[in-house]
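Working notes, structure below.
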Amino acid sequence: MRARVHDPWLRLPAPLRYAIVIVVLLSIWQAYVSFSHVSALLVGSPLDVANQLWTDVANGKIPAATLHTLQTLLTGLLIGALIGFALASLAVFSSVGRDLLAVLTAVLNPLPAIAILPLAIIWFGLSDRSIIFIVTLATIWPVAINTDTGFRTISATTQMVARNLGLRGPRLVVDVLLPAAMPYILTGLKTAWAFGWRTVVAAELVFGVAGSQGGLGWYINTARYYLQTPQIFAGLVVISVLGILVEGLFSAVESRTVVRWGMKR
Amino acid sequence: MTEPVIGEPLVVGAGVAIEYDGFRAVDSADFVVRRGEKFVLIGPSGCGKTTLLKAIAGFLHPTAGSIRLDGVPIGEPGPDRTVVFQDFDQLFAWRTVLDNVVYALGVAKEMRGEAARERARAMLRLVGIEAAGDKYPHQLSGGMKQRGAIARALALEPRILLMDEPFGALDAITRSQLQLDLNAIWRETGVTIVLVTHSIQEAVFLGHHVAVMSTTPARIVETVDTSAAQDMDTPEFLRLSHHLRSLLITPDSAHRSVQTAVE
Chain A
1 MRARVHDPWL RLPAPLRYAI VIVVLLSIWQ AYVSFSHVSA LLVGSPLDVA
51 NQLWTDVANG KIPAATLHTL QTLLTGLLIG ALIGFALASL AVFSSVGRDL
101 LAVLTAVLNP LPAIAILPLA IIWFGLSDRS IIFIVTLATI WPVAINTDTG
151 FRTISATTQM VARNLGLRGP RLVVDVLLPA AMPYILTGLK TAWAFGWRTV
201 VAAELVFGVA GSQGGLGWYI NTARYYLQTP QIFAGLVVIS VLGILVEGLF
251 SAVESRTVVR WGMKR
Chain B
1 MTEPVIGEPL VVGAGVAIEY DGFRAVDSAD FVVRRGEKFV LIGPSGCGKT
51 TLLKAIAGFL HPTAGSIRLD GVPIGEPGPD RTVVFQDFDQ LFAWRTVLDN
101 VVYALGVAKE MRGEAARERA RAMLRLVGIE AAGDKYPHQL SGGMKQRGAI
151 ARALALEPRI LLMDEPFGAL DAITRSQLQL DLNAIWRETG VTIVLVTHSI
201 QEAVFLGHHV AVMSTTPARI VETVDTSAAQ DMDTPEFLRL SHHLRSLLIT
251 PDSAHRSVQT AVE
């Protein structure tokens with residue numbers, strides 16, 4: 001490993017370093033499209049993509065699609081997380097709940113949620129409810145498993161202090177178990193977000209094929225239908241940027257909770 | 001300052017045996033803790049002294065015999081018997097030191113708002129960490145964390161304060177300071193204390209009575225009156241330390257256990 005002080009690259013501030021890397025990568029991409037005479041139907045140049053992004057943000061297509069996707073995702077995530085918390089809490093307080101969680105996670109966790117979509121369409125039709133259903137299924141298990149692990153790793157001392165104060169039931173869960181297990185819960189929510197995100201976009205692509213409207217997946221699929229390659233790239237860029245923003249949101253939550261509490265550096 | 005008056009029996013254990021996982025951790029222990037005294041349980045590691053303390057707290061229940069507080073058998077854990085543990089993680093990490101005390105007052109005494117904050121601040125003042133009230137526990141040294149735990153435990157005005165090797169994980173200097181300060185806190189509050197330790201010096205220095213526990217069978221061998229030896233530089237202190245040592249450490253114990261194995 002190179003010593004930090006002798007590395008001129010590391011003397012630059014981090015945002016500048018990342019900006020340089022991004023600009024270089026985009027330049028290589030632009031150069032490839034400009035000089036290789038690759039068909040514009042196969043690869044859009046960064047400038048074309050930026051143009052398309054600007055147009056579709058201005059005309060409201062991208063904001064509407066993004067809002068639609070986020071609404072579906074957040075609804076499913078909220079339901080999934082609540083069920084996940086409930087299952088983990090049940091597993092802490094009763095041995096039956098513990099076995100229930102073990103069996104359910106063993107059977108359902110390995111199933112990619114998107115594989116349930118055909119069944120969901122039979123049950124709920126080509127509606128957002130189908131997507132919310134499979135997003136819920138995708139998010140329950142990461143939340144439940146991580147929360148359960150978090151609850152089980154709470155130190156014996158912390159548990160005895162809580163009992164000593166006379167805490168029990170819902171108040172014990174909310175006031176002590178949740179904050180004490182917060183590092184695991186945040187990991188669970190982060191994983192749930194990633195699973196849910198993949199699931200919702202994949203499902204919207206399928207719905208796009210089926211002719212139902214809405215969402216970023218649908219936006220991308222429509223672009224493919226009309227061979228609007230820059231638009232496909234624009235959709236991908238939006239998905240990527242949203243991912244980065246959410247990562248930042250999680251970092252902000254962490255620095256206000258588990259980092260401040262000394263549970264995570 | 002006048003010494004608190006040590007009164008009638010508060011906690012009485014009679015023929016206490018405690019088993020868990022098929023293992024007899026305590027075997028027919030008899031003891032009396034008087035109101036207002038500092039009662040020390042001393043013994044080698046694994047002799048069941050922490051088990052006995054947990055039974056007084058209500059975390060464990062005797063399989064035989066009884067432990068009574070003011071004549072009433074001990075039930076579930078409660079804020080009338082607050083425990084200070086050895087671990088540094090006993091303050092809730094997600095609350096500031098002051099909030100830890102305020103929260104405990106809210107849960108256990110229905111005390112909220114400015115009244116609770118006022119009481120919490122007074123408790124932090126008593127243990128000497130008033131300035132650290134707004135800090136989170138991870139920002140404190142080990143000794144300050146233990147002071148915070150003592151403040152929280154005392155804020156609830158327990159009938160008895162239970163301490164499980166509270167200074168066991170501290171460095172020697174901090175430990176001596178906290179021993180001194182615990183004596184001062186006791187003089188100010190007059191609280192009854194049961195303290196578990198494996199330090200002979202700590203036992204004689206802090207305790208009015210020291211109950212000496214043996215390993216297998218884990219029982220109380222002798223309860224020594226150490227109330228006359230609170231000054232470390234007196235011959236009495238030395239004499240009692242030697243006496244405790246002789247009860248705890250047998251010169252030929254290795255030899256004896258070999259013999260038992262042969263028999």
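First to last, the protein sequences are chains A and B. Residue numbering for the first sequence follows my numbering, beginning at 1 and increasing consecutively. Residue numbering for the second sequence follows my numbering, beginning at 1 and increasing consecutively. Here a beta-carbon is modelled for each residue, glycine too, at the ideal position from N, C-alpha and C.
- For B:Met-232, the three-state secondary structure derived from DSSP is coil.
- Cβ contact annotation for B:Gly-58 (same chain, cutoff 8 angstroms, sequence separation greater than five): Ile-74, Gly-75, Glu-76, Pro-77, Gly-78, Arg-81, in chain order.
- B:Thr-96 sits in coil when the DSSP states are folded into three classes, being neither helix nor strand.
- Membership of B:Lys-38 in the beta strand (DSSP E) is indicated by the continuous run 38-42.
- Per DSSP, reduced to three states, the secondary structure at B:Phe-85 is coil, with no helix or strand assignment.
- Identification of residues in the stretch 151-169 of chain A having a C-beta nearer than 7 angstroms to some C-beta of chain B yields Ser-155, Thr-157, Thr-158, Met-160, Val-161, Arg-163, Asn-164, Leu-165, Gly-166, Leu-167, given in sequence order.
- Neighbours of A:Pro-179 across chain B, judged by C-beta separation under 9 angstroms: Phe-92, Ala-93, Trp-94, Arg-95.
- Residue contact with chain B for A:Gly-188: absent (no Cβ-Cβ distance below 9 angstroms to any residue of chain B).
- Spanning the alpha carbons of B:Asp-30 and A:Glu-254 requires a straight line of approximately 51 angstroms.
- Within chain A, the residues Leu-165, Gly-166 have their CB atoms less than 8 angstroms from the CB of B:Ala-108, given in chain order.
- Secondary structure at A:Val-43: coil, using DSSP grouped into helix, strand and coil.
- Between the alpha carbons of B:Leu-154 and A:Phe-151 lies a distance of about 28 angstroms.
- In the structure shown, B:Met-123 falls within a helical segment according to DSSP collapsed to helix, strand and coil.
- Secondary structure of B:His-243 (DSSP, three-state): helix.
- Between B:His-198 and B:Thr-226, the C-beta gap is not smaller than 9 angstroms, which leaves the two residues out of contact.
- The stretch 93-101 of chain B makes no contact with the stretch 169-187 of chain B; the number of CB pairs closer than 8 angstroms stays below 3.
- Put simply, the backbone Cα of A:Gln-213 is about 23 angstroms away from that of A:Ile-79.
- With respect to B:Met-163, B:Val-194 sits close: the two C-beta atoms are nearer than 9 angstroms.
- Not a single C-beta of chain A is nearer than 9 angstroms to the C-beta of B:Tyr-20.
- B:Asp-89 reaches chain A at Ser-155, Thr-157, Thr-158, counting residues in chain order whose Cβ is nearer than 8 angstroms.
- Here the C-alpha atom of A:Leu-42 lies approximately 15 angstroms from the C-alpha atom of A:Asn-221.
- At least one beta carbon of chain A lies nearer than 9 angstroms to the beta carbon of B:Glu-76.
- Using a 10 angstroms sphere on the CB of A:Ser-94, the tally of other CB atoms stays under 16, which defines it as exposed.
- The C-beta of B:Ala-55 comes no closer than 9 angstroms to any C-beta of chain A.
- Checking the DSSP bridge columns, you'll see B:Ile-18 partnered with B:Val-26.
- As the crow flies, the alpha-carbon of A:His-37 is around 43 angstroms from that of A:Leu-111.
- Neighbours of B:Thr-82 in chain A, taken as residues at a C-beta separation under 8 angstroms, are given in chain order as Asn-164.
- Around the C-beta of B:Tyr-103, 16 or more other C-beta atoms lie within 10 Å, and the residue is accordingly described as buried.
- In this structure the stretch 155-175 of chain A does not lie against the stretch 96-108 of chain A, because fewer than three pairs of beta carbons, one per stretch, are closer than 8 angstroms.
- By the neighbour-count criterion, in which 16 or more other beta carbons inside 10 Å mark a residue as buried, A:Tyr-225 falls on the exposed side.
- As the crow flies, the alpha-carbon of B:Gly-48 is around 5 angstroms from that of B:Ala-25.
- Only residues of its own chain outside the window of five on either side were considered, and among them Val-32, Val-33, Arg-34, Arg-35 have a CB closer than 8 angstroms to the CB of B:Pro-9, listed in chain order.
- If you check the CB distance, B:Val-84 and B:Ile-150 come in under 9 angstroms.
- The bridge partners DSSP lists for A:Thr-157 come to none.
- Rounded to the nearest whole angstrom, the CA to CA distance from A:Leu-90 to A:Val-174 is 13 angstroms.
- A residue is called buried once 16 or more other Cβ atoms fall within 10 Å of its Cβ, and A:His-6, having fewer, is exposed.
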